[in-house]
Structures are given as structure tokens and as C-alpha cells.
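So the mapping is simple: my numbering equals the position in the sequence shown, first residue as 1, plus 3.
Virtual Cβ for every residue (Gly too), placed ideally from N, Cα, C.
Computed from a predicted model, the values in this text were never measured in an experiment.
See below for the structure under consideration.
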Amino acid sequence: MIFISIFSYAQNINTEEENDLKFQTHFFEALKQKAIKNYGKAIESLELCNAIDATNVAVFFEFSKNHLELNNYFEAELFIDKALQQEPENRYLLQHKVAVLKALRNFNKAIEVQKKILKIQPKESEELVFLYIQNQNFDLAEALIVKMEENAMATLRLKSFKSFLENRKAVQKKIEKPAEIPTEKADIETLKKLYSEKKEYKIVQEILIREEKEALFEQVYAESREALELFPEQPFLYKMNGLALNRLGKYNEAIAVLSIGIDFVIDNSAMEADFYEQLSVSHEKLGNKSEAIKFKQRSAALRK
């Protein structure tokens, strides 16, 4: 009887060790597949992990990340919620939950989760500012910026948000009392002269639209880059700069510009779709097929 018990115990240890080894093998394979943008294969490996350990937080987290990359938002939220049930105070899980909610355009809920993150890590206030802006809670965003500046927490990104809010007020005043600028009838050279005198955003916007239609991408690139120094919060300028970079064959630079600019797109599905379309072009030209498809699908979904 004693011999049988020892033998049975030894068998259990061997089985546990074998399962542990299998789990690690499948998990690292999932990480490898995700690293090369093969999200479907990564999910297959994670399913094998889940069959061995159905309560593993790391597996739930990776499931959610891969599903988010594939635009499977329901599954992404389902798995991150499973992970948070076990570790509700895990900052990294909460940050990913915010990313999922942003993808779902559920900014109210994302704000509540971000507030939980702030209790754990107060330095994460900048993301809350951006969420307030995306949710059009402009007064709350301004109040939080003031508080962050008082606490010496200002960053370049925060300054861009502040500039956006200040320019938004200026634009609203101009809408109430619009300037009489004959942009539609004037030719490009006249517009450029007018812009050099007035430095009005509306004028440079019209210039870039016309230059793009005439395929003057060198000018679009140079002038949108220069305009960004005056209007760093205007997503249209980032879009045009990224588009020009794509047309000039500078795809990595285009990705960098577009990735920054898309943060300034607020409540404008058409503009957001344009950004994803240009990101798709960049990645396709660089041979990143899975990324190109992902951004193309996001663009198409927003245009429905």
C-alpha cells in the first residue's frame, strides 16, 4: 500500500511537471507569434495554455491583447475583465482595459477606469486629460491641466493638449465672428501671401487641400510641417504630413507622424478613418501585411 501511494505521488509530480513544461512552451510560442504580428496563431497557442490552466491571469491578458489587435473588441473586453476579476488593482491590466474601452469609443467608462489607475499611480494624469478631451469634457480637462502644472507635471504632450483647448476657444470665437477671407476664389499664390500675413489655420488648410489635389507632395510635406509648429493640435495637419510622406516614399516617418496625430482626432470618424487608411498604406509599403490589413479594417469599420 505504501509503495502504491509513493508511486501515485511520483506520477502526479511527473504529470504536473509535464503540464508546466507544456504550458511554458505554448505560452512562449504565443508571445513569439504576437511579436511577429501573427495574432491568430498566438491565440491558438493561448488556447492550449488555457486548456492546461483555465485561471491564469497572464493568459487572459495575452488573449485580450491579441483580440484587440484583431479588432475583436467583445473578446478583448471579456478576457481583460476575467484577468481583472483576479487582480483588480493591477495597473497594467487596468491600462489595457482603458485601451479596449477607447477602441470601443466608451470614453465615460474609460475615464472611470483611468481614475482607478490614478489612485495607484498618480503620474498617469496625462491620459485622463486626453480622455476628458475625447469625451468633450473640456472644462474638466482644463482644470486637471492647471492642477498638473501646479505640481510640475507638465510634459510636451500636455502642452499640446493645452494648446488644443486654447485654440478651440479661439476657433469658437472666430466662428461667432468669422473673418472674411476669400479662400475659395483665390489662387494658391494669393493664399500663400495671405497666410504669411495672417497665419490663419483656415488658409493653410485650403492651401494643403489644393496642393494635394495637384499632387504637389513636396510642398504639402514642407508646409504642413511648418504649420504644425503654429497649430500642433490640428489632426488635419498630421494627416496631410503623413500622406505626403507616404507619397514621397518615407513610410517609417509617415507612421511616426500619423501615430502622434491620431491622438488629436476627437469625435470625427471620417478623419480617424483617413489616419488608419494612411497607416495601412505605410505598413503595406514596408511589407507589414498584418498591420496593413488591421489598419485597413479599422478604416473600413469607421466608414460604415
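Is residue i helix, strand or coil by DSSP?
i	result
asparagine 138	coil
glycine 264	helix
alanine 218	coil
isoleucine 148	helix
glutamate 65	helix
leucine 73	coil
glutamine 300	helix
asparagine 53	helix
arginine 160	helix
arginine 108	coil
glutamate 90	coil
asparagine 41	coil
asparagine 59	coil
aspartate 23	helix
alanine 79	helix
arginine 306	coil
aspartate 190	coil
glutamate 124	With the sequence shown as reference, residue 124 is identified as glutamine, and glutamate is not the correct amino acid for it. Looking at glutamine 124 - three-state DSSP - the assignment turns out to be coil, as it is neither helix nor strand.
glutamate 203	coil
alanine 155	coil
Can you give the beta carbon distance from residue i to residue j, rounded, assuming they're within the 8 Å contact cut?
i	j	result
alanine 57	serine 67	About 15 Å; that fails the 8 Å criterion.
leucine 219	glutamate 209	Incorrect: roughly 14 Å between the Cβ atoms, too far for contact.
serine 283	phenylalanine 298	4 Å
leucine 197	isoleucine 191	Not quite, the Cβ-Cβ distance comes to about 11 Å (not below 8 Å), so this is no contact.
isoleucine 83	lysine 100	5 Å
glutamine 281	asparagine 255	Going by Cβ atoms, the distance from glutamine 281 to asparagine 255 rounds to 13 Å, so no, they are not a contact pair.
leucine 65	leucine 81	Note on residue identity: the sequence assigns glutamate, not leucine, to residue 65. That pair is no contact at about 13 Å.
serine 166	proline 235	6 Å
With 16 other CB atoms within 10 Å as the buried threshold, where does residue i fall?
i	result
asparagine 59	buried
isoleucine 123	exposed
valine 116	buried
glutamine 88	exposed
phenylalanine 77	exposed
asparagine 244	buried
aspartate 277	buried
arginine 301	buried
valine 149	exposed
tyrosine 95	exposed
asparagine 69	buried
isoleucine 39	exposed
Any Cβ of chain D within less than 8 Å of the Cβ of residue i?
i	result
aspartate 56	In the structure shown, chain D does not exist; there is a single protein chain.
Flag residue i as yes when its Cβ comes closer than 7 Å to any non-hydrogen atom of the ligand GTP, and as no otherwise.
i	result
phenylalanine 239	Questions concerning the ligand GTP fall outside what the structure shown contains, since it holds no ligand whatsoever.
Of all the alpha helix (DSSP H) runs that stay within the bounds of the stretch 226-294, which reach a length of 4 or more residues?
-> 238-250, 254-264, 272-288
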